[in-house]
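Structure first, then comments.
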Amino acid sequence: MIPVEYFFILSGLLFFIGVFGFVTRRNLVAMLISVELVLNSVDINFAAFNRLLFPGGYEGMFFTLFSIGVSAAESAVALAIIINVYRHFHSDQVNSIENMKL
Amino acid sequence: MNYSDFFKMIPEASLVAILIVLFVADFATAKTEERKWFNPLASVLLLLNTFVCLLPMEAQTAFGGMYVTSASVDVMKAILSMGTFIVVLQSRAWVEKSGKEGEFYMLIVSTLLGMFAMMSAGNFLMFFLGLEMASVPLACAVAFDTYRKNSAEAAAKFIITATFSSGVMLYGISFLYGAFGTLYFEDIATKMQATPLTIMGLVFFFSGLGFKISLVPFHFWTADTYQGAPTTITGYLSVISKGAAAFTLLSILFHVFGGMMQYWHVLMMIVVVLSITIANFFAVRQGELKRFMAFSSISQAGYIMLAAIGNDWATSVASLSYYVLIYVVANMAVFTIIAVVEQNNGGKTNIDDYNGFYQTNPRLSFLMTLAMFSLGGIPPFAGMFSKFFVFMSGLNGADISTTMGAWSYAVVFIALLNTVISLYYYLKIVKAMYIKHADHPLPTFQSDCNSKFALAVCTAGIMVFGVFSLVYEWIAAAV
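Chains L and H, in that order, are what the protein sequence lines are. Residues 166 to 267 (the working numbering) are what the first sequence spells out, left to right. Residues -14 to 464 (the working numbering) are what the second sequence spells out, left to right.
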């Protein structure tokens, strides 16, 4: 059996890759993909903890399923909004959609 | 499964009923040109829902502990329901022009449903679903003016930060699950002890909700989203969404992380001081009224979370609920006036546009002044009492001879100093309206009767809630 630490390290790496991508990428779709990485690291965490630490119940598995569903709904809305942004600004770069500033 | 559990969640059930009624009403009359009755229908239903929330109900749990109600949650639900009623009331002119009545009311009611579910959650899964149910439709509502550039930009910033923050929050929750093996609030609370894992969980979790309340290190989306969103939605975001998230944060801090109080007290103190101070300094230099209100709302969020510095749940939640109630009426008064001025004068929302407003629209400027005084906390109005109660609950149990107690006093003192700064920028608006001279002030106009009614409700709230102590006593007795 793979020890739980390995999963923890994997999910931690994935989480921080996601955060790094979110901070450095200047493109809305790429930022959305980075957020999905963060959410996937959460799913790995829940599934691994459930399977290896608390095999009695299924709470972690259920949480993973719900989290996948909710993040799909979120990305659908986010993509719709990004398409709307693209129609207005003809770009999905973050620095080109800074219409409102002091 | 026991279906009778649904009878225990009356406020949610009534909101679902409202959703169904609105949905049917929308598609049954989709081909009709004029739907003047839609707004009164939605307003009346929401008003009824407020009374449903006020029905006395005993504290109980449903669905195996997933759903928990208590008197304090019901009070907060009634307050938020009333606030949504005001939002819907004043939205009429704008929504009817957009021609998308059905979508708007359904989005608003479903976000409210999500917030209700979030506030009475007894499990992190339920909490997460409620949070998402509140924030996804809210993003759609921010993007409601699809033809406006700013609305699209605001919505993009909102949804991207909302998903990111919920991802960070879930990461924290997964730590808690790894530490305790359960997601039920009650079970976690009994096992709670401060280990590095749970402290990390607390911090990640807190940052997720901090985004929703827009406390300072997590506030970057606020200004742009508030400025770009339709004015009605900005009002909704700044009072209802913020109030629900603040209540939930307080409730989870006390009920789940109760055993780690010395850790999150420090966290809250830092965040509160930062929110109030930084937001105040940014608010001083704003020239756009909605952006200005965004920074003002960040600083108000700091005051709201001051309740979490105390260590007594009953006083903290009573003062937080009372603060949110006063904040709802005062802020909605301001946003109603902004919306009315915007609609009658071709989208003017700069502070300079209000120069000489008193000469042409004396009554509106008087109401705006009342609301600003209340937000700033000038004595006869409600805002002063809500600030007083929050300060009091923040100092609850603080002993000045201990280090933590002294820090509590210091935080409250800084907050007190900041009310003076906030008074400066709230009075700047009043000064623009009354004292500054303008060659071409905004012309005199008549606001529509719905906005008048909403303003009447808000003003009555500002006056009555402040003068009569009954309201606070009622809240304090209920919780």
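Glycine included, every Cβ here is placed at the ideal spot set by N, Cα and C.
Residues L179 of the same chain have their beta carbon placed closer than 7 Å to that of N205/L, with the five preceding and five following residues left out of the count. Listed along chain L, the residues sitting closer than 7 Å to V121/H by beta-carbon distance are A238, E239 and V242.
For the pair G152/H and E117/H, the Cα-to-Cα distance works out to about 11 Å. Burial state of W22/H is exposed, judged by a 10 Å Cβ sphere holding fewer than 16 other Cβ atoms. At least one C-beta of chain L is nearer than 9 Å to the C-beta of Q212/H.
According to the DSSP assignment, Q328/H belongs to the alpha helix (DSSP H) that extends over W298 to N329.
By the Cβ test, the stretch 323 to 340 of chain H is in contact with the stretch 65 to 82 of chain H, since at least three Cβ pairs between them sit closer than 8 Å. Take K197/H, set aside five residues on each side of it, and the residues of its chain with a beta-carbon closer than 6 Å to its own are A230, in chain order.
Taking a C-beta distance under 9 Å as the contact criterion, S436/H and L74/H qualify as a contact pair.
Runs of the alpha helix (DSSP H) lying entirely within the stretch 11 to 46 of chain H and spanning at least 4 residues, in chain order: 23 to 39.
With its beta carbon less than 9 Å from one in chain L, E117/H belongs to the interface. With contacts defined by Cβ atoms closer than 9 Å, L380/H and A293/H do not form a contacting pair.
In this structure, G341/H lies near M418/H, with their beta-carbon atoms less than 9 Å apart.
Short of 7 Å from the beta carbon of P428/H, and not among the five residues preceding or following it, lie these beta carbons of its own chain, in chain order: T345.
The beta-carbon of G166/H is placed less than 9 Å from the nearest beta-carbon of chain L.
Secondary structure at Q431/H: coil, using DSSP grouped into helix, strand and coil. Residues of chain L with a Cβ closer than 7 Å to the Cβ of D209/H are, in chain order, M265. A residue is called buried when at least 16 other Cβ atoms come within 10 angstroms of its Cβ; R348/H does not meet this threshold and is exposed. Straight-line spacing of the CA atoms in A27/H and D11/H works out to 11 Å.
Here H250/H is buried, its C-beta having at least 16 other C-beta atoms within 10 Å.
Among the residues of chain H, those whose CB is under 7 Å from the CB of H253/L are K134 and A137, following chain order.
Taking 9 Å as the threshold, the shortest C-beta distance from Y162/H to chain L falls below it. Minimum Cα-Cα distance from A462/H among the listed residues G362/H, L30/H and S55/H corresponds to S55/H. Proximity to V194/L across M265/L, I248/L and H253/L peaks at I248/L, based on C-alpha coordinates. Proximity of E224/L to chain H, defined by a Cβ-Cβ separation below 9 Å, is satisfied. The beta carbon of W206/H sits closer than 7 Å to those of K142, F143 and T146, all from its chain and outside the five residues before and after it, given in chain order. Interface annotation, S206/L: in contact with chain H, CB-CB separation under 9 Å. A direct Cα-to-Cα measurement between I167/L and L218/L gives close to 12 Å. Nearest to K275/H by alpha-carbon distance, out of M185/H, M(-6)/H, Y411/H and F48/H, is Y411/H.
Of the candidates M246/H, F36/H and M278/H, M278/H places its Cα closest to the Cα of V319/H. If you draw a straight line from the Cα of F48/H to the Cα of L355/H, it is about 45 Å long. Short of 7 Å from the beta carbon of M103/H, and not among the five residues preceding or following it, lie these beta carbons of its own chain, in chain order: F112, G115, L116, A119, A229 and T233.
Within the stretch 320 to 379 of chain H, the alpha helix (DSSP H) runs of at least 4 residues that lie entirely inside it are, in chain order, 342 to 345, 347 to 361 and 367 to 379.
The way I'd put it, the stretch 35 to 52 of chain H doesn't touch the stretch 251 to 262 of chain L; fewer than three beta-carbon pairs between them come closer than 8 Å. Residue burial is scored here from C-beta neighbours: L123/H has at least 16 other C-beta atoms within 10 angstroms and is therefore classed as buried. Taken through DSSP and simplified to helix, strand or coil, Y132/H comes out as coil.
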